[in-house]
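In what follows, a structure is listed as structure tokens, so that the remarks can point back to it.
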Amino acid sequence: MISKQFYNFLKVLAISLMLFNCSSSDDSSDGSGDEYYIDFTINGEHKHYTTVGAEKIQQGDFYMISIPGLEGEVGDIENDYVTVAVYNIDSEITIGSYSSAYIPGSDDYVSALVSFNTESVFYASTIEPDLYASPWANVEITEITDVYIKGTFSGTLANRQTAPNTVIHTIENGEFKVQFNN
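With the numbering used here as the guide, the letters of the sequence shown map in order to residues 634 to 815.
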């Protein structure tokens, strides 16, 4: 089981990566045909972010790819942002499915985390069993190169700053193609 301390580490890491490593990829003159993007629907509202960047992280046997996206430009902390993260213990992130489902007794931990921040409130799927709610995330990595990562995602998110953690946001039809910063 992942500890609350580790969960807080992931939260801070995702926010830090979002604020310091995003790059705008809107190279088109009309705003269409963005090469790098995060696209999703949250509670029926469509979002399309082009201020995006992905980061590969390895610390010992811990491997993670964080994929943050920002509505608008870097530096405007009032804007909403989303982070899709996949992580694994003991092996690198590869093409495949990642889920936040907890498997009791499993020695391997392959997981996904989706978070959304709006109006200074942090909403996230869970990365450990939760007594109050069962928010979840699914991420499918379909392409991964030295330059970019591409895939799909969905999930349910809860306000992680209050209890009980009732599901508040539903993310559907998530797609991303994001360039690596490192």
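Built from N, CA and C at the ideal position, the CB exists for glycine as well.
Rounded to the nearest angstrom, what separates residue 812 and residue 794 at their Cα positions?
Working through the sequence shown from its first residue, we reach residue 812 at position 179. Working through the sequence shown from its first residue, we reach residue 794 at position 161. Answer to the nearest angstrom: the Cα atoms are 31 Å apart.
Bounding residues of the beta strand (DSSP E) (the contiguous stretch that carries residue 732)
Position 99 of the sequence shown, counted from the start, is the residue given in the question as residue 732. Taken as a continuous stretch (DSSP letters only), the beta strand (DSSP E) holding residue 732 covers 729-732.
Just to confirm the assignment, what range does the beta strand (DSSP E) spanning residue 786 have?
What you label residue 786 is simply residue 153 of the sequence shown in a count that begins at 1. Per DSSP, residue 786 belongs to the beta strand (DSSP E) from 781-792.
Closest to residue 694 by C-alpha separation, out of 729, 677, 688, 720, would be which residue?
If you number the sequence shown from 1, residue 694 lands on position 61. Selected option, being the one with the closest Cα: 720.
Mind checking who residue 744 pairs with in its DSSP beta bridge?
Within the sequence shown, residue 744 is the residue found at index 111, counting from 1. DSSP lists 720 as partners of residue 744.
Rounded separation between residue 724 and residue 791 - CA only
The residue labelled residue 724 in the question sits at position 91 within the sequence shown. The residue labelled residue 791 in the question sits at position 158 within the sequence shown. Between residue 724 and residue 791, the C-alpha separation is close to 29 Å.
Helix, strand or coil for residue 699, going by three-state DSSP, please let me know.
Mapped onto the sequence shown, residue 699 falls at position 66. In the structure shown, residue 699 sits in a strand (DSSP, three-state: E or B).
From residue 662 to residue 705, what distance separates their C-alpha atoms?
The residue labelled residue 662 in the question sits at position 29 within the sequence shown. The residue labelled residue 705 in the question sits at position 72 within the sequence shown. Its pLDDT being 35, under 50, residue 662 is placed unreliably by the model, and the measurement read from it follows with that caveat. Using only the alpha carbons, I get a separation of about 16 Å.
Have a look at 684, 730, 772 and flag the residue whose alpha-carbon is nearest the alpha-carbon of residue 747.
Here the question's residue 747 lines up with position 114 in the sequence shown. Out of 684, 730, 772, 772 has the C-alpha closest to the C-alpha of residue 747.
Taking only three categories from DSSP, how would you classify residue 672?
Here the question's residue 672 lines up with position 39 in the sequence shown. DSSP, read as helix, strand or coil, puts residue 672 in strand.
How far does the beta strand (DSSP E) with residue 771 in it reach, from first residue to last?
Within the sequence shown, residue 771 is the residue found at index 138, counting from 1. Segment 770-777, the beta strand (DSSP E) holding residue 771.
With DSSP as the reference, label residue 805 as helix, strand or coil.
Your numbering for residue 805 matches position 172 in the sequence shown. Three-state result, residue 805: strand.
Under a Cβ-count criterion, where at least 16 other Cβ atoms within 10 Å of its own Cβ denotes burial, should residue 802 be classed as buried or exposed?
In the sequence shown, the residue the question calls residue 802 occupies position 169. Counting every other CB atom within 10 Å of its CB across the protein chains shown gives residue 802 a total of 16 or more, marking it as buried.
Output the distance between the C-alpha atoms of residue 731 and residue 805, rounded to the nearest integer angstrom.
Numbered from its first residue, the sequence shown carries residue 731 at position 98. Numbered from its first residue, the sequence shown carries residue 805 at position 172. Each residue's Cα considered, the two are about 16 Å apart.
Consult DSSP for residue 690 and reduce its assignment to one of helix, strand or coil.
Here residue 690 refers to the residue found at position 57 of the sequence shown. Residue 690 falls in the strand class under three-state DSSP.
Roughly how many angstroms separate the alpha carbons of residue 722 and residue 751, rounded to a whole number?
Here residue 722 refers to the residue found at position 89 of the sequence shown. Here residue 751 refers to the residue found at position 118 of the sequence shown. Cα-Cα distance, rounded: 30 Å.
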